[in-house]
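Following: one structure in structure tokens, then a few remarks.
Numbering (full-length UniProt numbering), first residue to last: 1 to 397.
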């Protein structure tokens, strides 16, 4: 099998392996430590509902129809920018929840950690890991202008507003619904981190029952990610199925003080267990192999196009290099031929004597005289023959 055939499946396998591996393997045996994130007073005792004067650090305020924003001298500009868009964020909440929470919400904005902590309510100091804090029963949100100006600033603001909204609309919500709604309203449920966590949960068959997430939260970091992701996904699923009308009915039922599951049944005319089962049945299709294949089809097409372009580019480069090599070889052969001819010429010149090498020193052509034998006088041969004795003739008897 060629390497081109092995390539895409191998990359696909590596992608699946990365999604299946826990993102912080080294923390598997540790409990969840403090993280820099938004916080809220639900789940712990809030400061008493007693009138308190604004902190001395407050330099002024800016008001909108449903918000009262307090700022310090250093956070004035950030607060005015916040005031220009905070009403539209609240409108977006109403479009999902179907209800608006009552009254005016106070937002305290400080610049830096020191001012952030100084603006806290007495008895409600923010934890060291929190970058924002909500007091739902007080309708107060505490923000750090430095965090607000960061990339996660708007997400943090929406998260805190979600906790204030739920705290004002009803006295008690399960933990999974609080966190799920907050993330759904901030758009965090659409992140790749959530998808990877749910993909891992489906592959490992580790999706929690929501009844186990009503009060407690997991300890392991990877389990916490799954809990957040599945809570956001389930709330988004409920919102898409029942719309703001259904969510509004749920808010009204929970506001009466009855248990959440009972209010859930009255609002949606079904039980939490049935809806959870229906949601679970679609997890494999949404977060399993099928959506991965579907969502990556465009990616594979792009990879093929880029691969073809790369192949053509490499082929052109290869042909150009071969042409350059041929030209280089031809030039080298010509140079070698010239060098060889020069060497042969030198060798031929070395074999010729120096006195003969120059035409000026070449000897003149010698004329060799012809040889003429003297003519014999007439009768000489005969006299010679006569002087030579002849043998006697044999006698025939």
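Virtual Cβ for every residue (Gly too), placed ideally from N, Cα, C.
8 angstroms Cβ cutoff met for residue 64 and residue 115: no
Exposed unless 16 or more other CB atoms sit within 10 angstroms - verdict on residue 43: Note that residue 43 scores a pLDDT of 42, beneath 50, so its modelled location is shaky and nothing firm can be said.
Straight-line gap, residue 146 to residue 110 (C-alpha atoms, nearest Å): 8 angstroms
Burial state of residue 163, where buried means 16 or more other Cβ atoms lie within 10 Å: buried
Beta-carbon proximity list for residue 54, same chain, < 7 angstroms, skipping 5 on both sides: 70
Host alpha helix (DSSP H) of residue 70 (start-end): No alpha helix (DSSP H) contains residue 70, which is instead part of the beta strand (DSSP E) from 67 to 71.
Neighbourhood of residue 59 by C-beta, 8 angstroms cutoff - its chain only, sequence neighbours within 5 removed: 71, 72, 73 and 76
Three-way DSSP call (helix, strand, coil) for residue 305 in this model: helix
Coil, strand or helix - residue 100 by DSSP: coil
Three CB pairs or more closer than 8 angstroms across the region 174 to 184 and the region 232 to 241: yes
Best match in 117, 337 and 242 for proximity to residue 275 [C-alpha to C-alpha]: 242
Limits of the alpha helix (DSSP H) - the one that residue 223 falls within: 221 to 255
Per-residue DSSP class, three states only, for residue 139: coil
Opposing strand residues paired with residue 64 [DSSP bridges]: 67
Residues bridged to residue 110 (per DSSP): 144
Whether residue 251 touches residue 148 by CB criterion (8 angstroms): no
As assigned by DSSP and simplified to three states, the class of residue 197: helix
Contacts around residue 165, its chain only, beta-carbon distance under 7 angstroms, and the 5 residues preceding and following it disregarded: 93, 97 and 101
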